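Using this note's numbering, read the sequence shown as starting at 400 and increasing by one per residue.
Each residue gets a CB set at the ideal place from its N, CA and C atoms; glycine is no exception.
These numbers were taken from a predicted model, which means no experiment stands behind them.
Let me begin by presenting the structure, written as structure tokens, before commenting on it.
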Amino acid sequence: MEENPQKKVQNRILRTLLRWIDDDAELEIQDPSRIEKIDWFRILPFLFMHLACLGVFWVGWSSVAVLTAIGLYVIRMLAITSGYHRYFSHRTYKTSRLWQFVLAVLGNSAVQRGPLWWAGHHRHHHRFADQPEDIHSPVQRGFWWSHVLWLLTPKYFATRKELVKNLTGYPELVFLNRFSVLVPLLLLLILIGFGEWLRVYVPSAGTSGLQMAIWGFFISTVVLYHATSTINSLDHLWGRRRYLTPDHSRNNWLLALITFGEGWHNNHHHYPIAARNGFFWWEYDLTYYVLKVLEWLGIIWDLNEITVERRNQDRLLSLSIKQRNPQSSVE
Ligand SMILES: [Zn+2]
Ligand SMILES: [Zn+2]
Numbered sequence: 400m401e402e403n404p405q406k407k408v409q410n411r412i413l414r415t416l417l418r419w420i421d422d423d424a425e426l427e428i429q430d431p432s433r434i435e436k437i438d439w440f441r442i443l444p445f446l447f448m449h450l451a452c453l454g455v456f457w458v459g460w461s462s463v464a465v466l467t468a469i470g471l472y473v474i475r476m477l478a479i480t481s482g483y484h485r486y487f488s489h490r491t492y493k494t495s496r497l498w499q500f501v502l503a504v505l506g507n508s509a510v511q512r513g514p515l516w517w518a519g520h521h522r523h524h525h526r527f528a529d530q531p532e533d534i535h536s537p538v539q540r541g542f543w544w545s546h547v548l549w550l551l552t553p554k555y556f557a558t559r560k561e562l563v564k565n566l567t568g569y570p571e572l573v574f575l576n577r578f579s580v581l582v583p584l585l586l587l588l589i590l591i592g593f594g595e596w597l598r599v600y601v602p603s604a605g606t607s608g609l610q611m612a613i614w615g616f617f618i619s620t621v622v623l624y625h626a627t628s629t630i631n632s633l634d635h636l637w638g639r640r641r642y643l644t645p646d647h648s649r650n651n652w653l654l655a656l657i658t659f660g661e662g663w664h665n666n667h668h669h670y671p672i673a674a675r676n677g678f679f680w681w682e683y684d685l686t687y688y689v690l691k692v693l694e695w696l697g698i699i700w701d702l703n704e705i706t707v708e709r710r711n712q713d714r715l716l717s718l719s720i721k722q723r724n725p726q727s728s729v730e
């Protein structure tokens, strides 16, 4: 029986609203002609996050709000790099179930969906890096696709559970992954509450609930998102290649600076299981330093390290290939 058009629209709206709060409600892809087209209604929250940053023209700024934004950027970037990336995606070290959960919650607060979603897509990226199947290769599909557009299309909304089977056995992670909107909402409410508390009890701080929300949540999160995404986009285009990997990954000091070490992306694509991405003292890798502190505290253990001998051998191998083939992209 034909569905009447009004009912069809109603259903679509209801389904999308459900998908805003329940990541598992992402449909198995319906219309093949639309799976790589932007789903505007679905991504309204993402657009709203960007628009809300403009609220800064109404709420102004205060030291406490700006410092909160910076602090939340630092904590959540580290949660993405050390948790979502180096732990959930690559298992470069071990930790307890409790700390695994803490890493998942902190990573979740970055508003980059759940740990299983993030790790599944990232593992897929490593498997097919810069090949036609790569989900976000700037070499294959251009800068904007790799930086943001892929994320807005129905094909990539669902979690690739088949690629994260080591994680699907933890109900607490599955829950966080399914309702990945909960932790960010909680963070937003805490910021509003704290800002209002300051407004009433510490008026000299010059802030408010709304100002704390704009700086601490919206601006901090949007900057965090775009900084993280430069690794998918610019770090496959711009920088130097130390190792002859089968992709276009590069080492870039500026991207390493803003992503706390992830910019040594050619090192990382060559040794994805290594806990460390920056191999020399000048290759600043804050994430690794933090991991070493967590190891010293006994919170994590069994960090995967690559020996200097092995790195030197691999570098020599890349250089010898370069000698035989000067067209090779290694420098
Ligand atoms: Zn990559
Ligand atoms: Zn990776």
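What does a CB cutoff of less than 7 angstroms around Tyr687 pick up in its chain, not counting 5 residues either side in sequence?
-> Translated into positions along the sequence shown, residue 687 becomes position 288. Excluding its 5 nearest sequence neighbours in each direction, Tyr687 has C-beta neighbours in its own chain below 7 angstroms: Gly660, Ala674, Arg675, Asn676 and Gly677, listed in chain order.
Can you give me the Cβ contacts of Thr606 inside the same chain, cut-off strictly under 7 angstroms, excluding the 5 residues immediately before and after it?
-> In the sequence shown, residue 606 corresponds to position 207, counting from 1. Excluding residues up to 5 positions away in sequence, Ser461, Val463, Ala464, Gly594, Leu597 and Arg598 lie with their Cβ nearer than 7 angstroms to the Cβ of Thr606 in the same chain.
Please say whether Pro553 and Arg433 have beta carbons closer to each other than 8 angstroms?
-> Here residue 433 refers to the residue found at position 34 when the sequence shown is read from its first residue. Here residue 553 refers to the residue found at position 154 when the sequence shown is read from its first residue. Result yes, Cβ atoms of Arg433 and Pro553 sit closer than 8 angstroms.
Going by Cα to Cα distance, which pick from Ser648, Ile589, His535 and Gly662 is closest to Leu471?
-> Here residue 471 corresponds to residue number 72 of the sequence shown, with the count starting at 1. For Leu471, the nearest C-alpha among the options comes from Ile589.
Proximity of Ile705 and Tyr492 at Cβ, strictly below 8 angstroms | Mapped onto the sequence shown, residue 705 falls at position 306. Mapped onto the sequence shown, residue 492 falls at position 93. No; because the gap between Cβ atoms is not below 8 angstroms, this pair is not in contact.
Host alpha helix (DSSP H) of Gly592 (start-end) = Counted from its first residue, the sequence shown places residue 592 at position 193. Counted as a single uninterrupted DSSP element, the alpha helix (DSSP H) harbouring Gly592 occupies residues Leu581 to Tyr600.
Reducing DSSP to helix, strand and coil, say where Asn711 ends up.
-> Residue mapping note: residue 711 aligns to position 312 of the sequence shown, counting from 1. If DSSP states are grouped into helix, strand and coil, Asn711 belongs with the helices.
By how many angstroms is the C-alpha of Leu497 removed from the C-alpha of Lys355?
-> As displayed, the chain neither begins before 400 nor continues past 730, which places residue 355 out of reach and without an answer.
CA-CA distance, Trp614 and Gly506?
-> Taking the sequence shown and counting its residues from 1, one reaches residue 614 at position 215. Taking the sequence shown and counting its residues from 1, one reaches residue 506 at position 107. So the alpha carbons of these two residues sit roughly 19 angstroms apart.
Which residues have their C-beta within less than 6 angstroms of a heavy atom of ligand 2, listed in chain order?
-> Close to ligand 2, as judged by a C-beta nearer than 6 angstroms to any of its heavy atoms, are the residues His484, Ser488, His489, His521, His525, His667 and Pro671, in chain order.
Inside the region 662 to 721 only - alpha helix (DSSP H) runs reaching at least 4 residues = Listed in chain order, the alpha helix (DSSP H) elements of length 4 or more contained wholly in the region 662 to 721 are 664 to 669 and 685 to 695.
For His669, which residues of its own chain have a beta-carbon under 6 angstroms away from its beta-carbon, when the five flanking residues on both sides are left out?
-> Here the question's residue 669 lines up with position 270 in the sequence shown. Around His669, the same chain offers Tyr642 and Thr644 as residues with beta carbons nearer than 6 angstroms, after the five sequence neighbours per side are excluded.
Which value, in whole angstroms, describes the spacing of the CA atoms of Asn651 and Ala626?
-> Position 252 of the sequence shown, counted from the start, is the residue given in the question as residue 651. Position 227 of the sequence shown, counted from the start, is the residue given in the question as residue 626. So the alpha carbons of these two residues sit roughly 13 angstroms apart.
Alpha carbon to alpha carbon, what distance is there between Gln405 and Arg418?
-> For this step, residue 418 is matched to residue 19 along the sequence shown. For this step, residue 405 is matched to residue 6 along the sequence shown. One Cα belongs to Arg418, the other to Gln405, and the distance between them is close to 20 angstroms.
Could you have a look at Asn507 and say whether DSSP puts it in helix, strand or coil?
-> Within the sequence shown, numbered from 1, the residue matching residue 507 stands at position 108. The three-state reading of DSSP puts Asn507 in helix, counting H, G and I together.
Compute the Euclidean distance between the alpha carbons of Gly592 and Phe447, then round it to the nearest angstrom.
-> For the purposes of this step, residue 592 is identified with residue 193 of the sequence shown, where counting begins at 1. For the purposes of this step, residue 447 is identified with residue 48 of the sequence shown, where counting begins at 1. If you take the alpha carbons of Gly592 and Phe447, they lie about 21 angstroms apart.
Can Ser545 and His635 be called in contact, C-beta distance under 8 angstroms?
-> Residue numbering aside, residue 545 sits at position 146 when the sequence shown is read from its first letter. Residue numbering aside, residue 635 sits at position 236 when the sequence shown is read from its first letter. A contact, by the Cβ cut-off of 8 angstroms.
When we look at the beta-carbon of Val582 and count the other beta-carbons within 10 Å, is it buried (16 or more) or exposed?
-> Position 183 of the sequence shown holds residue 582. Buried.
What residue does the alpha helix (DSSP H) around Pro570 start on, and which one ends it?
-> Here residue 570 corresponds to residue number 171 of the sequence shown, with the count starting at 1. In the DSSP annotation of this structure, the continuous segment of the alpha helix (DSSP H) that includes Pro570 starts and ends at Pro570 to Arg577.
Element boundaries [alpha helix (DSSP H), containing Asn410] | To locate residue 410, count along the sequence shown from 1; it is residue 11. In the DSSP annotation of this structure, the continuous segment of the alpha helix (DSSP H) that includes Asn410 starts and ends at Pro404 to Ile420.
With hydrogens ignored, establish whether the beta-carbon of Ala518 is closer than 7 angstroms to any heavy atom of ligand 1.
-> Translated into positions along the sequence shown, residue 518 becomes position 119. Ala518: no, Cβ never under 7 angstroms from ligand 1.
Determine, using beta-carbon pairs with one atom in the region 405 to 416 and one in the region 520 to 532, whether at least three such pairs fall under 8 angstroms.
-> Result no; under three Cβ-Cβ pairs closer than 8 angstroms.
Thinking C-beta only, is Leu587 closer than 8 angstroms to Ala612?
-> Position 213 of the sequence shown, counting from 1, holds the residue named residue 612. Position 188 of the sequence shown, counting from 1, holds the residue named residue 587. In this structure, Leu587 lies closer than 8 angstroms to Ala612 by Cβ.
Could you please give the first and the last residue of the uninterrupted alpha helix (DSSP H) stretch that includes Ala626?
-> As a position in the sequence shown, residue 626 is number 227, starting the count at 1. According to the DSSP assignment, Ala626 belongs to the alpha helix (DSSP H) that extends over Ser619 to Ser628.
Mind checking Gln726: buried by the 16 CB within 10 Å criterion, or exposed?
-> Here residue 726 corresponds to residue number 327 of the sequence shown, with the count starting at 1. That one is exposed.
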